[in-house]
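Q: Supplied in structure tokens, the structure appears directly below.
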Amino acid sequence: MKKQLLLIAAIALLDKGLMAFEAGQLSLDTPNVLNKSEGSLAIRHRFFGEMSDYDKFLGTDDGGNMHFILKYAILDNLVIGVDHTRDESAYGAGVEYSHDFKWIKAGARVNGFRLNKGLDVYDYSYQAIVSLQTPNYFEHINFTANTGYDAYYQHYIAGFGVDVNAENFLSFLTFTERLSLLAEYYPQVDKVTGISQEYDAYAFGIKYQTYGHHFEIMATNSTNMDPRTMSLGTNSDKLHLGFNINRKF
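Residue numbers for the sequence shown follow the working numbering, so the first one is 202 and each next one is one higher.
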């Protein structure tokens, strides 16, 4: 935990002279339109405990799942990335390409990953995801959609999100340029026998956006954090607290 806190502090103290960050979602892929030599770092956390458990401080005493994503643009709009998830000690690496068509942003990502199944047993597989994101309609709302295929569970991925945003209207949040209300939904369009769960996964929250950072606080019925695993659903409809920190460099 100390190392994680030090990493978060280091990110917060990095130089602030940065280009604007893309309109990211809570767990969905978004078209990562980066210029050559730009990069981004994302830290995602979902607490295992239920938000209704006040004796355990909204469930935060029960630990949580962590997800780290590091991306770097080797060419304009061509991005390589690595990631790690605490659950199943998963490691991944991939490549993605995105393009801004003005009327819509589109991206495609292929990611290979390794899962630790215990006792030095590892599984290897890959996933492919296409992401679409609209411009900011009426200056205040945009939509995101994901579709793809998970070769590990051999199922199709789907997810949808909405971002309702506005200029900072809370004067005491002087560090914030824009505020957003975010919501995501992951229908189980292709259930996997013995793996898919009873409930579809969803998440909603608020985003505080600065020129190079996004801070997101949310509630979700799943402790997963990417479209592949969120599309498998969840076995509980209880809410969990979560947060994201995103940094462009």
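Built from N, CA and C at the ideal position, the CB exists for glycine as well.
This structure is a prediction, so every number in the text was calculated from the model and none was measured.
Roughly how many whole angstroms lie between the Cα atoms of glutamine 334 and alanine 307?
A: Reading the sequence shown from its first residue, position 133 is the one you call residue 334. Reading the sequence shown from its first residue, position 106 is the one you call residue 307. Approximately 7 Å between the Cα atoms of the pair.
Q: For isoleucine 396, which beta-bridge partners are listed by DSSP?
A: Counting from 1 along the sequence shown, the entry for residue 396 is found at position 195. DSSP output for isoleucine 396 lists no bridge partner at all.
Q: Enumerated in chain order, which unbroken segments of the beta strand (DSSP E) with a length of 3 residues or greater are wholly contained in the segment 220-276?
A: For the segment 220-276, whole beta strand (DSSP E) runs of length 3 or above, ordered along the chain, are 240-248 and 265-276.
Q: Closest to glutamate 385 by CA distance: which of Glu239, Tyr409 and Ala346 is it?
A: For the purposes of this step, residue 385 is taken as residue 184 along the sequence shown, with counting starting at 1. Here the closest residue by C-alpha is Ala346.
Q: Measuring only the C-alpha atoms, how far is glycine 443 from leucine 271?
A: The residue given as residue 443 occupies position 242 in the sequence shown. The residue given as residue 271 occupies position 70 in the sequence shown. If you take the alpha carbons of glycine 443 and leucine 271, they lie about 19 Å apart.
Q: What are the start and end residues of the beta strand (DSSP E) that includes threonine 421?
A: Counting from one through the sequence shown, the residue named residue 421 turns up at place 220. Residues 414-421.
Q: Do you know how far the Cα of proline 428 is from the Cα of aspartate 230?
A: For the purposes of this step, residue 230 is identified with residue 29 of the sequence shown, where counting begins at 1. For the purposes of this step, residue 428 is identified with residue 227 of the sequence shown, where counting begins at 1. Their backbone Cα atoms lie some 7 Å apart in a straight line.
Q: Could you give the distance in angstroms between the alpha-carbon of glycine 260 and the alpha-carbon of aspartate 391?
A: To locate residue 260, count along the sequence shown from 1; it is residue 59. To locate residue 391, count along the sequence shown from 1; it is residue 190. Approximately 31 Å, taken between the alpha carbons.
Q: Using 8 Å for Cβ pairs, my map puts arginine 448 next to serine 241. What's the rounded Cβ distance?
A: The sequence position of residue 448 within the sequence shown is 247, counting from 1. The sequence position of residue 241 within the sequence shown is 40, counting from 1. Contact holds; Cβ gap of about 7 Å.
Q: First and last residue of the beta strand (DSSP E) that includes arginine 429?
A: Sequence index remark: in the sequence shown, residue 429 carries index 228 (1-based). Element bounds for arginine 429: not the beta strand (DSSP E) but the alpha helix (DSSP H), 428-431.
Q: Under 7 Å Cβ to Cβ from aspartate 301, same chain only, skipping five residues before and after it: list those, please.
A: Position 100 of the sequence shown, counting from 1, holds the residue named residue 301. Val234, listed in sequence order.
Q: Would you say leucine 383 and glutamate 417 are within 8 Å of each other, going by their C-beta atoms?
A: Position 182 of the sequence shown, counted from the start, is the residue given in the question as residue 383. Position 216 of the sequence shown, counted from the start, is the residue given in the question as residue 417. Result yes, Cβ atoms of leucine 383 and glutamate 417 sit closer than 8 Å.
Q: So valine 283 packs on alanine 294, CB below 8 Å; how close in whole Å?
A: In the sequence shown, residue 283 corresponds to position 82, counting from 1. In the sequence shown, residue 294 corresponds to position 93, counting from 1. About 5 Å; that satisfies the 8 Å criterion.
Q: Let's test the definition: count the other Cβ atoms within 10 Å of the Cβ of asparagine 445 and tell me whether it reaches 16, buried, or not, exposed.
A: Position 244 of the sequence shown, counted from the start, is the residue given in the question as residue 445. With 16 or more Cβ atoms within 10 Å of its Cβ, asparagine 445 is classed as buried.
Q: Residues in its own chain within less than 7 Å of arginine 247 by CB, not counting five upstream and five downstream?
A: Here residue 247 corresponds to residue number 46 of the sequence shown, with the count starting at 1. These residues qualify, in order along the chain: Gly265, Asn266, Thr421, Thr424, Met426, His441 and Gly443.
Q: Closest by CA to threonine 286, which one among Arg379, Leu316 and Asp263?
A: For the purposes of this step, residue 286 is taken as residue 85 along the sequence shown, with counting starting at 1. It is Leu316.
Q: Quick one: what's got a C-beta closer than 7 Å to aspartate 263's C-beta in the same chain, skipping five residues either side?
A: For this step, residue 263 is matched to residue 62 along the sequence shown. Here the set comprises Phe248, Phe249, Gly250 and Lys257.
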